[in-house]
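Sequential numbering from 913 applies to the sequence shown in our numbering.
Taking it in order: structure first as C-alpha coordinates, then the write-up.
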Amino acid sequence: MANTMTSKIELNVELDENRVPEKLHWTAQDGGITNEEAKAMMLAVWDAKTQETLRIDLWTKDMPVDEMKVFFHQTLVAMSDTFNRATQDEKMTATMKDFCDYFAEKLEINKK
(Lines of atoms letter the chains of each structure in order from A and count residues from 1; the text may use other names and numbers.)
(Lines give C-alpha, C1' and ligand atoms only; values in the text may rest on other atoms or scores of the structure.)
Protein backbone atom coordinates (compact mmCIF):
# COMPACT_ATOMS: atom_id res chain seq x y z
CA MET A 1 0.00 0.00 0.00
CA ALA A 2 1.31 3.44 -0.92
CA ASN A 3 1.97 6.05 1.71
CA THR A 4 -0.53 8.87 1.58
CA MET A 5 -0.02 12.39 2.78
CA THR A 6 -2.44 14.99 4.01
CA SER A 7 -2.14 18.71 3.44
CA LYS A 8 -4.25 21.23 5.33
CA ILE A 9 -5.37 24.71 4.30
CA GLU A 10 -6.96 26.74 7.08
CA LEU A 11 -9.17 29.81 6.74
CA ASN A 12 -10.05 32.05 9.69
CA VAL A 13 -12.74 34.71 9.48
CA GLU A 14 -13.16 37.38 12.16
CA LEU A 15 -16.72 38.75 12.13
CA ASP A 16 -18.25 41.90 13.58
CA GLU A 17 -21.46 41.90 15.63
CA ASN A 18 -23.51 41.70 12.40
CA ARG A 19 -21.49 38.72 11.15
CA VAL A 20 -19.77 40.82 8.48
CA PRO A 21 -16.14 39.79 7.88
CA GLU A 22 -13.64 42.20 9.43
CA LYS A 23 -10.48 40.13 8.98
CA LEU A 24 -9.51 37.11 6.93
CA HIS A 25 -6.42 35.03 7.57
CA TRP A 26 -5.20 31.86 5.93
CA THR A 27 -2.57 29.22 6.55
CA ALA A 28 -1.11 26.66 4.14
CA GLN A 29 1.86 25.13 5.93
CA ASP A 30 2.99 23.14 2.88
CA GLY A 31 3.16 26.40 0.91
CA GLY A 32 5.01 28.26 3.66
CA ILE A 33 1.99 30.47 4.47
CA THR A 34 1.20 31.06 8.14
CA ASN A 35 -1.69 33.22 9.28
CA GLU A 36 -1.44 35.62 6.31
CA GLU A 37 -4.02 38.39 6.13
CA ALA A 38 -6.27 38.70 3.08
CA LYS A 39 -8.98 41.20 2.16
CA ALA A 40 -11.04 38.84 -0.03
CA MET A 41 -11.33 35.17 -0.94
CA MET A 42 -13.28 32.90 -3.25
CA LEU A 43 -13.47 29.17 -2.71
CA ALA A 44 -15.23 26.78 -5.08
CA VAL A 45 -15.76 23.08 -4.35
CA TRP A 46 -17.25 20.54 -6.76
CA ASP A 47 -19.93 18.27 -5.24
CA ALA A 48 -19.84 15.17 -7.48
CA LYS A 49 -23.02 13.72 -5.96
CA THR A 50 -25.20 16.72 -6.77
CA GLN A 51 -23.12 17.85 -9.79
CA GLU A 52 -23.00 21.37 -8.34
CA THR A 53 -20.37 23.92 -7.47
CA LEU A 54 -20.47 25.04 -3.84
CA ARG A 55 -18.95 28.45 -3.12
CA ILE A 56 -17.76 30.66 -0.34
CA ASP A 57 -17.17 34.30 -1.35
CA LEU A 58 -15.97 36.60 1.41
CA TRP A 59 -14.43 40.05 1.59
CA THR A 60 -13.73 42.35 4.48
CA LYS A 61 -15.78 45.50 4.90
CA ASP A 62 -12.67 47.61 4.30
CA MET A 63 -11.87 45.98 0.92
CA PRO A 64 -11.70 48.93 -1.52
CA VAL A 65 -13.90 48.65 -4.63
CA ASP A 66 -10.97 49.39 -6.96
CA GLU A 67 -9.01 46.50 -5.42
CA MET A 68 -12.09 44.25 -5.71
CA LYS A 69 -12.19 44.95 -9.45
CA VAL A 70 -8.53 43.96 -9.80
CA PHE A 71 -9.13 40.88 -7.62
CA PHE A 72 -11.96 39.78 -9.91
CA HIS A 73 -9.90 40.39 -13.04
CA GLN A 74 -6.94 38.41 -11.73
CA THR A 75 -9.28 35.62 -10.59
CA LEU A 76 -10.87 35.42 -14.05
CA VAL A 77 -7.41 35.23 -15.68
CA ALA A 78 -6.38 32.50 -13.23
CA MET A 79 -9.58 30.58 -13.95
CA SER A 80 -8.80 30.77 -17.67
CA ASP A 81 -5.34 29.31 -17.02
CA THR A 82 -6.79 26.57 -14.82
CA PHE A 83 -9.44 25.77 -17.43
CA ASN A 84 -6.69 25.37 -20.03
CA ARG A 85 -4.59 23.08 -17.82
CA ALA A 86 -7.66 20.97 -16.96
CA THR A 87 -9.13 20.67 -20.47
CA GLN A 88 -6.42 21.61 -22.98
CA ASP A 89 -9.23 23.45 -24.82
CA GLU A 90 -7.14 26.18 -26.46
CA LYS A 91 -10.05 27.73 -28.38
CA MET A 92 -12.25 28.28 -25.34
CA THR A 93 -9.25 29.43 -23.29
CA ALA A 94 -8.55 32.10 -25.90
CA THR A 95 -12.20 33.18 -25.75
CA MET A 96 -12.00 33.40 -21.97
CA LYS A 97 -8.79 35.45 -22.19
CA ASP A 98 -10.49 37.80 -24.67
CA PHE A 99 -13.26 38.32 -22.13
CA CYS A 100 -10.66 39.02 -19.41
CA ASP A 101 -9.14 41.72 -21.63
CA TYR A 102 -12.61 43.18 -22.29
CA PHE A 103 -13.41 43.09 -18.54
CA ALA A 104 -10.19 44.98 -17.70
CA GLU A 105 -10.78 47.51 -20.47
CA LYS A 106 -14.38 48.24 -19.41
CA LEU A 107 -13.37 48.62 -15.76
CA GLU A 108 -10.36 50.70 -16.77
CA ILE A 109 -7.96 48.64 -14.70
CA ASN A 110 -4.34 47.95 -15.51
CA LYS A 111 -3.73 44.29 -16.20
CA LYS A 112 -0.97 42.65 -14.19
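Backbone N, C-alpha and C define an ideal beta-carbon position, used for all residues, glycine too.
Residue i versus residue j: straight-line alpha-carbon distance, rounded
{"i": "Cys1012", "j": "Leu923", "result": "28 Å"}
{"i": "Arg967", "j": "Thr987", "result": "14 Å"}
{"i": "Pro933", "j": "Met954", "result": "13 Å"}
{"i": "Thr972", "j": "Lys951", "result": "5 Å"}
{"i": "His880", "j": "Asn915", "result": "Lying before the first or after the last residue shown, residue 880 is absent from the chain, which here runs from 913 to 1024."}
{"i": "Phe1015", "j": "Met991", "result": "14 Å"}
{"i": "Val982", "j": "Thr918", "result": "33 Å"}
{"i": "Met1004", "j": "Val989", "result": "13 Å"}
{"i": "Thr999", "j": "Ala956", "result": "18 Å"}
{"i": "Asp1001", "j": "Lys1009", "result": "12 Å"}
{"i": "Lys935", "j": "Met975", "result": "10 Å"}
{"i": "Thr962", "j": "Phe995", "result": "21 Å"}
{"i": "Leu970", "j": "Met980", "result": "11 Å"}
Assigned secondary structure, residue i (DSSP; H/G/I helix, E/B strand, else coil)
{"i": "Asp1001", "result": "coil"}
{"i": "Ala960", "result": "coil"}
{"i": "Met917", "result": "coil"}
{"i": "Asp974", "result": "coil"}
DSSP bridge partner residues for residue i (one or two, in chain order)
{"i": "Ile1021", "result": "None, per the DSSP bridge assignment."}
{"i": "Lys935", "result": "Glu926"}
{"i": "Ala940", "result": "Ile921 and Ile945"}
{"i": "Asp969", "result": "Met954"}
Contact check, residue i vs residue j, beta carbons under 7 Å
{"i": "Glu929", "j": "His937", "result": "no"}
Taking contact to mean 3 or more Cβ pairs, one atom from each stretch, closer than 8 Å, check whether the region 939-953 and the region 916-931 are in contact. The answer is yes - the region 916-931 touches the region 939-953, with three or more Cβ pairs under 8 Å.
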